[in-house]
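Chains as they are written, first to last, in the numbering used here: chain A, 1 to 97; chain B, 1 to 476; chain C, 1 to 491.
Note that the Cβ used here is the ideal one computed from N, Cα and C, for glycine as well.
Model, not experiment: these values are computed from the prediction.
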Amino acid sequence: MANIITDETIDYVGILAKLELSNKEKEQAKKDMGSMLDYIDKLNELDVTGVEPMSHIFPIDNVFREDIVANGNNRDKIISNAPESKDGQFKVPKTVD
Amino acid sequence: MAKQYETVIGLEVHVELATKTKIFCGCTTEFGGAPNTHTCPVCTGMPGSLPVLNKQVVEYAMAVGLATNCDITRYSKFDRKNYFYPDNPQNYQISQLYLPICRNGFVEIETGSGTKKIRIHEIHMEEDAGKLIHDEWDDCSLVDYNRSGVPLIEIVSEPDMKNGDEVIAYLEKLRLIIQYLGASDCKLNEGSMRADVNLSVNEAGAREFGIRTEMKNLNSFKAIARAIENERERQIELIEDGKSVTQETRRWDDNKEYSYAMRSKEDAQDYRYFPEPDLVPISISDEWIESVKATIPELRDEKRARYRNEYKIPEYDADIITSSKHLADIFEKTVAICKKPKEVSNWIMVETMRLIKEKEIEADDVSYSPKNLAKLILLIDNNVINRTVGKEVFEKIFEENIDPDVYVKEKGLAMDNDEDGLKELINKVINENPQSIADYHAGKEKALGFLVGQTMKATQGKANPGMINKILKDLI
Amino acid sequence: MDLMSLTAVELGKKIRNKEVTVVEAVNAAFNQIEKVEDNINSYVNVIDKEVVLKKAETIQKRIDNGTLAGPLAGVPVAIKDNMCTEGTLTTCSSKILNNFIPTYTATAVKNLEEAGAVIIGKTNMDEFAMGSTTETSAFGETKNPWNVEHVPGGSSGGSCTAVSAEECSYALGSDTGGSIRQPSSFCGVTGIKPTYGTVSRYGLVAYGSSLDQIGPIAKDVTDCAVILEAIAGYDEKDSTSIKRENYDFTSALTEDVKGLKIGIPKDYFGEGLNKEVKERVLEAAKVLEDKGAVVEEFDLGLVEYAIPAYYVIASAEASSNLERFDGVKFGYRTKDYEGLHNMYKKSRSEGFGSEVKRRIMLGSFVLSSGYYDAYYLRALKTKALIKKTFEKAFERFDMILGPTAPTTAPKIGHSLTDPIKMYLGDIYTISVNLAGLPAISIPCGVDSKGLPIGLQLIGDCFKEKNIIRAAYTYEQTREYRRPELVKKGAK
C-alpha cells in the first residue's frame, strides 16, 4: 500500500467530519482509506495539463428568483422533527460563543 | 531607545443587504418576528432542500462594487464553506471563495495628512447564519433560524489602514456609500454592518508584516477604536517580552475592555471549500452592468454639490447634512413641503445635531418626520409661535414626533399678537426700567435686548419678539 | 386475474376502462406484499393499509368525475426511501433518520401524485444511496426475488425488487453511479436514468448533487417512458433543473432502429466481464443489427479512470451534503453526551453505518487543506476528459451499447468485505453520471444460475428518445420474464 494513513490523519478527518471511531474502527478506517487512495492514485496516470476542472456539466448560468416574499410562518412544520426544542427554538448543548 | 512600531490593519466587513427576501429562498428578511417564524426547508437545511439565488442580491453586490471602483467578475460562482455550528443549518455556508463577484476596488478617506486610498481586495456574497441564544435557566443554547439565509456581502480590504481613525473613516465611508445605494441600512449596533479587524504590528521600517490576529464582536465605532488600541499594545508587549504573537481569532469584550482567544481544539479551521453543485454560475454581461449602473442613485458627493447649487446652502452645512443619507432624506423631504432650504438646514445643523449629541444616538436613528418639521417651520414663519417656543416644540418633535399644529393648540402656545395689550405691557416694562432706557439712548444696543427679554418674561414667552422690538423702538 | 402481473400502463388502462377499481388494485398490491415481503424485504415502510385504501377511494372518485384521466391514475407505486414524502417516514435506510417525517414532498413524487398515483410504501436502499447491494441499509438487506441468497443490487434495491416481486406496479429510484440501472439489471426489470437536470432533485435527499437523478423502474420500456413523462419537468425550486424543449418520451415507443448507429466500446469487454453476460449482451446487439441498426465496435477510452474520479467527487459532495445530519434539527440524537461537539460526534457515529462513514471520511479528506488540488480538482479535470470521450463517441454513434454490470447478482455477504471490488462493479454505469447522460437498462436474458442479465443503452445528452426507441424495439423480440417466486405465488 503506497498510501499509509496515520492515526493523526484519521483523528484530523474525524474532527472535520464530526465522527468518532473506536480503536477497531480506526484501524479498519486507516486500511480502507489507504487502499481507496491507492486506487484513486490511478488518476495520476492521466495528463490533465490545460484541462479546466468541470464542476458543472451543462453551460447553464444565471438561474435566479425574484425578490418576492413567497413563504409564510412555517414554524410548527420546521420544528416538528426537532429532537429537542424549547419555545419554538432548537435546543442544543451550550455553545461557547 | 524605545522601538517604534507600525500597525497594519485590514478589515472584513459584513453587510446585511436590504432585500425583501433571503438569498436562497422566499422567506422574509423582516427584522423581529418570533423565533423560526421566517423559515422554510431551504434556510433550515432540511434534507432534499435546494437553494435558488435571489437576483436582487447580485444587483446590490454589483452596485456596491461599482460604487467602490471594483472590477465586476464576469463569471462568478458560489462555493461551500464547511464547518459545524448550530447556527449554520447545513453545517456549511454557501459563500464565494474562488470567484467573488467584485475585486480590486478602493475607497478614499480623509486623514490628517490628506486623502488616502484604502484598497478593497474583494467583495463576495454569502448567507448569514441563525441566532444562538444562551439559556441560563436550562444551561443550554437555543437556535433561531430567522436570520439564517439573510443575504450578506463581505467586503475584504487590503491591510492599508494604520490606526483606529483610519479604520473609522473607512467604515464611515463604506457605510455612506452603501446607505446611499439603498443596499443596506448599515447599523453597527443592529448588526446590519459587522466589522472584523485583522491587526498586526511590526517595527517601523521592517520588511515583513507581523503575525496578525482577527478580532470579532466589535459593535460600535468606539469599541472598534478601543479594541485596536488594546490589541496593538498587547502585541507590542508580547514582542518586547520576546514572545511571538499567535495567529488566532480573539473576541472583544467592550465592557471589560479586553479580548480573549476564541480557541477551540474542536475546530480545525479547515473549511474544505469546493464549488457549490446546487447553484449554477453567474455570467455578467456589459448590458447588465450598465443597467445596474443606471439604478445607482445620486451618491454623496453629487448630492452635496447639488445642495450647494440648488438650495444655496453653505458647503459646511451641505457636508454635514449629506454625511447621513437619512438626514439628507429628511432635509430634502422637508424642503419639498415648506420650500425653505435655509431654515430646514438650520434646524438640522443646530437643534437636530445638538439633540443627537445630547441623547447619544446616531444620525441614522433620528425618527421625526419631515412633515412635522415643515409644519414647525411654517408655524414660526407665520408668527404663530416665536423661535423660543419653537425650540421647545422641536424637542418634542424630535423625541416623540408630535404634530406641532396639534401640540401648539393643545398647550396653548400660540403667540399673543394682541398689539394693544402688548403696548400696555411694554409701557409697564419701560416704566420699571428707566436705567435701560437711558443706556439705550446712550448707544448701548444691548439694553434693547434686555428690555425685549423682560417683555418676553412678562408675557411668559408668548409674545411675538418682532412685534416687541418694533413697539419698543417706536416708544423709546 | 393477477393484477400485479400487469404492467403499470396495462393496469392503468383497465382502471380507466372501469374493468378494475383502484381499491382492487391496491388490495392486490397488499396481498402480494403479504405473500412475499417477509422473504424479500423490499420496503422500509409500507403505509397503513387503511390510509392507502382511503386514498384509493379519493382517486377513484376523481377518475370517475374525469379530473384524473392519465395513464398512471390509480396505479400503485413504491417510492425509494430517499425521496421526501410529506407526513410519511423518510429514512434513507439510515438510523440517523429513523424518525424523520418530512413536511414537504419531493417534486417528482408530487408530479406522480398529481397524475393519480397511489403510494404503497417507501422502499429499502443502501444507506443514503451509498452502495451497490442494498446491504448497507440499517433496516436489513433486501433479497433478490430470483434467488433470495443473492443481492438485488443497489442502491435502489428495494424499488427494483418491489417491481420484480410484483409488490407494486412500478417504482421510483435514484441513480448517482448506477443505482437505478444496476439493480434493475440484477432483478430483471427496466430502469432509466435520465439526462441530468431532467427530473427535479427538490426533495431528493442529496448524495452526489452533481450526479443524482430520479428515474422510473418498471417491467418494460413503455412503462418507464410513461412514468418519465409524468415526473420530468422544469422545477424552479431546483437551480440545476433544465428547461427542456420537449418531454414527449412516449413518442419514441416505436419499433424502428433502421440506420441507428450503435457503438460497442471494446474497452467494456475486457477482463472482469462475466462470460455469460458478455454473450447475452452481444446477442442483443445482434438482434438490433438484424433489425436494421448499424453496430460497430470502437474505443471509448478512459474507462478505468471513471471509478476513481467518481468516488472522489461523489464522496466529497456527500461528505458535505451529510453534514446537516447532526442531531440538532431532525433525526437521531445520541442519548448521552457532554457538550456540543461530543453530541455531534456521537450522534453521527452512532447514526451512520460504516459504508457511509467510510465515504464521509474519504470525502472530507480529498477536500481538506493540502489535498484539494491533488484529488478533488484532478477528479474534476478527469470528469471533463471523460465527458469529451463521450462527445467524441456521439459524433459517430447515436448510442452506446454494453452490459449494465460485469456480473449477475453476487451472493449476499460477498461484497462489503472488499469495497474496491464492489466499486469495480460500477464500471459501466458510473461514467454515465459523470457525463450527465441518459441511459436505460433492460433485461436481455439470464445466466446459467437463472440470474437476470441487463443490457445498457447510453444516449447523448437529452437524447432519451433514441435509447427508448432502441430498447423498445429490442424488447418486442422477447417475453417479460417473471421470477419463480412470483410465478409460484400466482393464483
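- Taking C-beta separations shorter than 8 Å and ignoring five residues to either side along the sequence, the partners of C/L451 in its chain run N144, W146, N147, H150, F186, T408 and A409, following chain order.
- When the five nearest sequence neighbours on each side are left out, the beta carbons in the same chain lying within less than 8 Å of the beta carbon of C/K258 are those of K291, G292 and A293, in order along the chain.
- Of C/Y311, C/G197 and C/S368, the smallest CA-CA separation from A/D41 is found for C/Y311.
- For C/G459, the enclosing beta strand (DSSP E) stretches over residues P452 to G459.
- Close to chain B, meaning a Cβ-Cβ distance shorter than 8 Å, are the following residues of the region 18-31 of chain A: K18.
- A distance of 7 Å or more separates the beta carbons of C/S320 and B/D270.
- Rounded to the nearest whole angstrom, the CA to CA distance from C/A106 to C/R244 is 20 Å.
- Residue contact check for C/Y375 against chain B: no CB pair falls below 7 Å.
- When Cβ-Cβ separations below 7 Å define contact, B/G65 makes no contact with chain A.
- Against chain A, the CB of B/N255 has no partner CB under 7 Å away; the residue lies outside that interface.
- Cβ neighbours of C/V366 within its own chain (closer than 6 Å, five residues either side excluded): V312, A316, Y375 and Y376.
- Using beta-carbon distances, B/T28 counts as an interface residue toward chain A, with a partner under 7 Å.
- Judged by DSSP in its simplified three-state form, B/I468 adopts helix.
- Counting only runs of 4 or more residues that sit fully inside the region 325-403 of chain C, the alpha helix (DSSP H) segments are 340-351, 354-367 and 378-396, in chain order.
- Counting only residues of its own chain and dropping the five nearest sequence neighbours on each side, C/G116 has a CB closer than 8 Å to the CB of I59, R62, I63, L68, G70, L72, A73, G74 and V75.
- By the rule that beta-carbons nearer than 7 Å mark a contact, B/D139 touches chain A.
- Contact check for C/T222 and C/V46: beta-carbon distance about 27 Å, past the 8 Å limit, so the pair fails to qualify.
- When Cβ-Cβ separations below 7 Å define contact, B/K55 makes contact with chain A.
- Within its own chain, the residues whose Cβ lies closer than 8 Å to the Cβ of B/N91, once the five positions on either side in sequence are excluded, are G45, N82, Y83, F84 and Y85, listed in chain order.
- Annotation for C/Y305: T382 place their beta carbon closer than 6 Å to its own, counting only its chain and skipping 5 residues before and after.
- About 6 Å separates the beta carbon of C/V163 from that of C/A218, a gap short enough to meet the 8 Å contact definition.
- Taken in chain order, the members of the region 81-109 of chain C whose beta-carbon sits within less than 7 Å of a beta-carbon on chain A are F100, I101 and T103.
- Here the C-alpha atom of C/C168 lies approximately 6 Å from the C-alpha atom of C/A29.
- Three or more beta-carbon pairs separated by less than 8 Å are not found between the region 375-383 of chain B and the region 425-437 of chain B, which leaves the two stretches without contact.
- Sequence-distant partners of C/L97 (beyond 5 residues in either direction) whose C-beta falls short of 6 Å from its own C-beta, in its chain, are T91 and G331.
- B/T44 belongs to the set of residues whose beta carbon lies under 7 Å from a beta carbon in chain A.
- For the region 348-382 of chain C, the set of positions with a beta-carbon nearer than 7 Å to some beta-carbon of chain A reads R348, S349, K357, R358, I360, M361, L362, S364, F365, S368, Y375, L377, R378, A379, L380, K381 and T382 in chain order.
- When beta bridges are read from the DSSP output, C/H150 appears opposite C/K411.
- Annotated as distal: A/P53 and C/L302, with beta-carbon spacing of 7 Å or more.
- At the C-beta level, B/Y180 and B/K325 come within 7 Å of one another.
- Against chain A, the CB of C/P308 has a partner CB under 7 Å away; the residue lies at that interface.
- Taking a beta-carbon distance threshold of 7 Å, C/S210 counts as an interface residue toward chain B.
- Here the alpha carbon of C/P183 sits roughly 6 Å from the alpha carbon of C/G157.
- Nearest Cα to A/V51 within the set C/P419, C/K465, C/A108 and C/R378: C/R378.
- When the beta-carbon positions are compared, C/G339 and A/P59 stay at least 7 Å from each other.
- For B/C27, same chain residues with a beta-carbon under 7 Å away, outside a window of 5 residues either side, are T21, H38, T39, C40, C43 and G149 in chain order.
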